[in-house]
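Below: the structure, in structure tokens.
Protein chains in written order, with the numbering used here: chain B, 301 to 809; chain E, 51 to 751.
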């Protein structure tokens with residue numbers, strides 16, 4: 301058979317969703333089935349910090365029913381992700397374990413940036429996407445727990461920011477405080493305004509937004525009118541529709557739109573976020589592509605299994621995002637450019653020895669780009685500061701695990717590293733080894749540009765049979781400093797790999 | 051300039067109960083119609099009686115409830131419940147008189163002319179016949195009778211709904227009453243030995259009445275009279291509170307036997323003391339007592355219809371044709387080629403049964419999902435579903451336990467399917483699932499494919515021979531997606547965010563119909579092509595009628611074919627001048643729901659499980675689906691055209707009354723006969739072996 305079936309499960313903050321997909325090179329991604337069940341896990345997490353045991357029970361029961369639907373299609377491959385309501389819950393490990401025991405499903409908690417990157421990947425398969433992001437465009441994803449705003453310009457990602465302002469979160473915060481509908485709107489607006497103002501000040505500055513790409517579950521209801529889905533609206537159309545909806549209370553909205561009152565109460569804060577963004581910017585068009593986490597899971601799966609091909613290079617976006625962070629923290633751009641090049645040269649030469657793949661190569665490149673950002677905070681403890689910056693910043697496309705690897709690699713580039721003393725915050729043995737291997741390369745490469753004068757512009761690295769890695773640089777510059785400081789870094793490298801790095805200079809004529 | 055009329059005033063609407071009575075009157079007209087064969091006329095008369103029973107059990111009972119609860123809200127036509135009840139009681143009494151007049155004055159005589167002697171009173175028996183019935187009583191009837199005396203220590207027993215009984219006044223030391231149920235284990239129509247060329251029939255209650263004294267030794271039987279009661283049979287199910295819907299319905303079904311008495315039928319000339327006694331014991335009001343001039347419960351005529359040997363007095367039995375589906379190729383291949391429209395009963399229901407059967411046996415079928423509202427006694431569909439589960443397929447069946455008068459039947463099916471390993475859903479809280487949809491999920495070389503059958507009628511192979519319905523088989527991806535969503539929704543998952551092709555009640559269907567009607571209004575105003583042709587069983591939704599009135603006012607030509615209730619009035623100046631309504635009552639029960647809209651020249655045709663009634667639009671799960679395949683669409687449009695041209699079996703609504711079609715200058719046409727003939731012609735063109743009597747066995751060499 302020329303197709304593959306897979307299931308995607310989204311354990312969301314407001315509802316659980318299962319989609320069954322048929323993937324084939326011929327027809328691409330075709331959704332076969334879609335079941336949803338409303339369970340407001342976010343209501344527990346955002347208010348009490350834990351998911352209530354009754355909800356855990358309902359969650360497991362529904363997921364078990366999902367497995368029955370999967371059995372119906374004889375689907376064995378699946379990807380199940382849990383988002384912020386589980387991620388932020390204190391009892392998340394217990395929840396994941398209960399699900400595993402009662403349903404057999406392995407649910408992975410997905411980090412925010414990983415989630416957004418997934419969405420972005422899915423969208424990028426759509427034709428309109430490339431056209432939109434040629435102009436200044438904000439991809440705004442309003443979820444139950446947070447809002448992610450990613451800015452694009454000239455076809456590339458400029459920045460991405462997460463604001464804890466999701467529909468469910470807002471409703472839970474304000475619903476009980478409000479006396480009536482009008483008062484509720486007023487409170488929501490006030491709450492949103494503050495965050496939108498900060499975002500604008502920090503990231504938009506003189507730039508403006510021409511297009512908004514609106515994604516997320518609740519805004520889809522906004523785009524539904526008379527049983528039909530409107531994919532595009534002008535600024536005026538959006539405002540008119542918003543005003544007409546705001547005149548109604550949740551009950552009236554539910555009746556008019558054929559949605560539940562619960563959904564109506566979530567649509568209101570969500571629409572308000574978009575409206576305020578539109579008002580604060582020069583937005584002309586709003587695009588409502590229908591894409592959810594399950595679609596994103598399927599797209600990623602299909603790309604990974606090479607069932608579908610995409611033209612866009614996502615690694616470029618990640619690297620770009622990392623460079624923007626480095627720029628924000630005033631890192632030496634020339635230095636990180638040469639460092640990024642040199643770590644890659646060494647990594648590639650050592651391929652047979654370290655046994656790492658492209659994913660780690662990408663992480664090493666990002667670590668090189670971000671290795672200096674901590675100096676913006678502290679010159680004395682740049683490693684620690686860099687670590688904190690990396691862990692606190694959204695780097696689109698990196699999972700929480702990958703983010704930790706990068707942060708640790710950067711940290712131990714400058715800080716002493718003692719083997720097996722549990723100084724790394726990772727429990728995974730493989731991750732530990734990856735970090736160590738990458739630190740060794742980063743240290744050596746960093747030493748090659750100790751003076752930050754890019755003397756090692758043209759370098760080659762060759763692994764010799766006598767267990768040496770000969771790094772040859774073609775330069776007429778004086779490299780005494782680099783050579784002198786190289787020794788200590790080379791020792792650590794040798795300790796890790798059993799290979800001794802040797803620096804050689806060939807003078808350029 | 052024309053003043054805009056207020057189209058919501060009650061004068062523009064008819065009361066639904068009175069409109070229904072007019073429908074029953076049209077069936078009575080068929081019983082009186084001399085152009086119909088005699089036994090067909092008996093059948094029509096029998097139908098009027100069973101229809102009336104149901105009308106009392108449900109509609110009159112519900113009105114009585116409203117009156118008792120002092121509910122005074124007027125209906126669509128401005129009538130308060132009490133006014134409606136008064137009008138209904140008057141109408142039904144007159145109607146029953148007309149029923150018995152047709153029986154006594156016309157049909158009995160005609161039967162006699164055909165050599166059929168229907169002995170309605172035992173006093174008419176000859177000496178030989180008396181001997182015969184007395185022996186018959188002693189040997190067959192007596193052992194199954196349970197006479198029940200009523201006195202201070204023995205209260206009046208529970209009299210079952212619709213059962214026939216005999217009340218006896220006894221004289222002993224003191225006067226007593228007793229009651230005996232006419233047993234339903236023995237046929238009510240009993241044939242007596244032939245006399246000359248005449249075949250004689252008598253009713254069981256007359257045999258019992260004649261021999262009643264044998265049951266009360268030591269007493270003198272003063273008088274004995276048959277009686278029959280109709281009870282309130284509307285179930286009040288507390289779905290929200292019920293932990294198990296199946297158990298709750300079983301409980302309520304038992305209670306149905308205890309519903310209050312709505313009607314007491316007695317023969318005229320019944321002993322006045324017996325009437326008084328029954329009135330007291332059964333707690334019946336005087337106006338609810340109906341004394342009839344003839345045998346009680348005319349549904350026995352259906353039994354007479356089934357007696358062998360009178361084929362010349364019946365219409366030739368129509369054997370459904372086979373043409374749209376070939377029996378030689380698997381059904382999935384045929385559906386893959388093109389959408390298949392089925393027009394029952396002209397075309398056999400077998401393709402639908404085969405569809406489920408093949409799916410149950412096909413190794414590539416992963417799942418079968420179906421909604422069942424009413425199924426036949428020995429349903430091949432149920433058997434296939436059970437087999438499918440046995441074959442490891444995922445089988446999901448929604449069995450609507452609340453299908454009125456089929457509750458018991460459906461409970462049995464639900465239990466049986468569950469036992470076979472199917473996932474059975476008993477229905478939805480507060481809603482009846484009336485939609486007729488089947489989804490078959492099949493794994494094929496190119497991917498997963500969904501085959502869907504959607505219909506206007508039930509998955510009932512028995513009634514599919516009598517009801518006119520349309521069904522569509524398709525593997526259209528958009529419809530398949532919607533069908534999947536329908537089953538997910540009724541399995542308890544959230545409703546989909548949007549539908550591709552189907553419109554579902556109760557959430558979306560009303561809005562969709564209103565949109566489609568209003569779109570015609572808009573086009574008419576813009577001078578574009580605008581018309582509506584719609585066929586259904588009943589039309590009584592005020593919002594829909596208002597939209598139709600508005601459309602008519604805007605110049606939309608509206609042709610409606612409404613079999614039963616129609617609360618709309620035609621010919622109101624400025625309101626409904628452009629609306630025509632006709633009702634077709636024929637051998638087959640008109641049951642299909644078809645909706646055809648001009649849409650400014652880009653016409654759209656839909657089929658549905660729903661009528662334009664509030665209950666269909668607000669309280670049920672119903673499906674409206676488009677017919678998009680050009681050939682199938684043409685066929686549906688042609689069906690409507692033929693029905694609109696019916697001059698023999700159609701009645702036209704003029705104001706609020708029905709008249710026979712004015713045949714002058716028109717071709718004489720019975721649409722049902724036309725469809726029968728056309729189907730046979732199609733079958734012979736298709737050369738379908740399934741329709742042939744002699745099918746050669748092909749030996750593969």
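Here a beta-carbon is modelled for each residue, glycine too, at the ideal position from N, C-alpha and C.
| C-beta atoms of residue 735 of chain B and residue 690 of chain B nearer than 7 Å | Not in contact: residue 735 of chain B and residue 690 of chain B (Cβ atoms no closer than 7 Å).
| At what residue ranges does the region 355–392 of chain B contain a whole run of the beta strand (DSSP E), taking only runs of 3 or more? | 378–382
field: Beta-carbon proximity list for residue 489 of chain E, same chain, < 7 Å, skipping 5 on both sides
entry: 419, 500, 502, 533, 534 and 537
**Message:** Going by DSSP in three states, residue 554 of chain E sits in which element: helix, strand or coil?
**Reply:** DSSP places residue 554 of chain E in strand when its eight states are reduced to three.
Query - Minimum Cβ-Cβ distance from residue 351 of chain B to chain E less than 7 Å - result: no
> Just the Cα atoms here: how many angstroms apart are residue 107 of chain E and residue 150 of chain E?
Replying inline: 21 Å
- Task: Could you tell me which residues DSSP pairs with residue 521 of chain E in its beta bridges?
- Result: Note: residue 521 of chain E sits in a beta bridge opposite E:392 and E:505.
- request: Counting only the same chain and skipping the five closest in sequence on each side, list residues whose C-beta sits under 6 Å from that of residue 750 of chain E.
  value: Caution is warranted here: a pLDDT of 42 is assigned to residue 750 of chain E, below 50, making its placement in the model unreliable, and the coordinate value is therefore given only provisionally. Cβ within range, chain order: n/a, list empty.
| said: I'd like to know whether the C-beta atoms of residue 701 of chain E and residue 518 of chain E end up nearer to each other than 7 Å. | reply: For residue 701 of chain E and residue 518 of chain E, no; Cβs fall outside 7 Å.
Could you tell me which chain B residues have their CB closer than 9 Å to the CB of residue 546 of chain E, listed as they occur along the chain?
The contacting residues are 334 and 336.
Can you confirm whether residue 650 of chain E, when its beta carbon is compared against all beta carbons of chain B, has any partner nearer than 7 Å? no
Identity of the residues DSSP links to residue 756 of chain B by a beta bridge:
DSSP, once it has assigned bridges, lists no residue as partnering residue 756 of chain B.
Check your understanding: Cβ of residue 498 of chain E less than 7 Å from any chain B Cβ?
Key -> Closer than 7 Å to some Cβ of chain B, the Cβ of residue 498 of chain E qualifies, so yes.
| query | Should residue 308 of chain E go down as buried or exposed, given a rule of 16 or more other Cβ atoms within 10 Å for buried? | reply | exposed
Please confirm whether residue 444 of chain E has its beta-carbon closer than 7 Å to some beta-carbon of chain B.
yes
What's the gap between the Cα of residue 306 of chain B and the Cα of residue 416 of chain E?
-> 15 Å
#### Entry: Residue span of the beta strand (DSSP E) that contains residue 275 of chain E, given as start and end
Residue 275 of chain E -> beta strand (DSSP E) spans 270–281.
- Quick one: give me the first and last residue of the alpha helix (DSSP H) that residue 243 of chain E is part of. Looking at the DSSP string, residue 243 of chain E is not in any alpha helix (DSSP H); the run it does join, the beta strand (DSSP E), is 239–245.
Report task. Determine the chain B residues that contact residue 524 of chain E at a beta-carbon separation under 9 Å, and present them in chain order. Result -> Going along chain B, no residue has its Cβ under 9 Å from residue 524 of chain E, so there is no contact; the nearest lies around 17 Å.
Looking at residue 220 of chain E and residue 266 of chain E, is the spacing between their C-beta atoms short of 7 Å? yes
Note down, in chain order, all residues in the region 319–331 of chain B with a beta-carbon under 9 Å from any beta-carbon belonging to chain E. 320, 322, 324, 326, 327, 330 and 331
Worksheet item: Buried or exposed: which applies to residue 208 of chain E, given that a residue is buried once 16 or more other Cβ atoms fall within 10 Å of its Cβ?
Response: exposed
inquiry  = Quick check on residue 154 of chain E - is its C-beta less than 7 Å from some C-beta in chain B?
reply    = Using a CB distance cut-off of 7 Å, residue 154 of chain E does not count as an interface residue toward chain B.
Check the Cβ of residue 315 of chain B against every Cβ in chain D and list those closer than 7 Å, keeping chain order.
Absent from the structure is chain D; the protein chains it does hold are B and E.
Q: Could you tell me whether the region 570–582 of chain B touches the region 383–401 of chain B, where touching means 3 or more Cβ pairs closer than 8 Å?
A: no
| message | Can you confirm whether the region 505–517 of chain E touches the region 310–317 of chain B when touching is taken to mean that 3 or more C-beta pairs between the two stretches lie within less than 8 Å? | response | no
Own chain, CB closer than 8 Å to residue 721 of chain B, minus 5 neighbours either side, in chain order: Annotation note: pLDDT 49 at residue 721 of chain B (below 50); position unreliable, coordinate value reported separately. So no residue of the chain qualifies.
For residue 579 of chain E and residue 651 of chain E, which I take to be in contact (beta-carbon distance under 8 Å), what is that distance rounded to the nearest angstrom?
Indeed they touch by this definition, with Cβ atoms about 5 Å apart.
Which residues, in order along the region 755–786 of chain B, keep a beta-carbon less than 9 Å from a beta-carbon of chain E?
none
Counting pairs of Cβ atoms below 8 Å between the region 446–466 of chain B and the region 409–419 of chain B, do you hit three or more? yes
Please confirm whether residue 372 of chain B has its beta-carbon closer than 7 Å to some beta-carbon of chain E. yes
- Message: For chain B, check one thing: does any of its Cβ atoms lie closer than 7 Å to the Cβ of residue 65 of chain E?
- Response: no
*Whose C-beta lies closer than 7 Å to the C-beta of residue 402 of chain B among residues of the same chain, with five residues either side of it excluded?*
360 and 364
Less than 6 Å between C-beta atoms, sequence neighbours within five positions excluded: which residues of the same chain meet that for residue 755 of chain B? 775, 777 and 779
Q: Look up residue 105 of chain E in the DSSP assignment and say whether it is helix, strand or coil.
A: Note: residue 105 of chain E maps to helix in three-state DSSP.
Say whether chain E places a C-beta atom closer than 7 Å to the C-beta of residue 721 of chain B.
-> Here the model assigns residue 721 of chain B a pLDDT of 49, short of 50, so the residue's position is not dependable and the matter cannot be decided.
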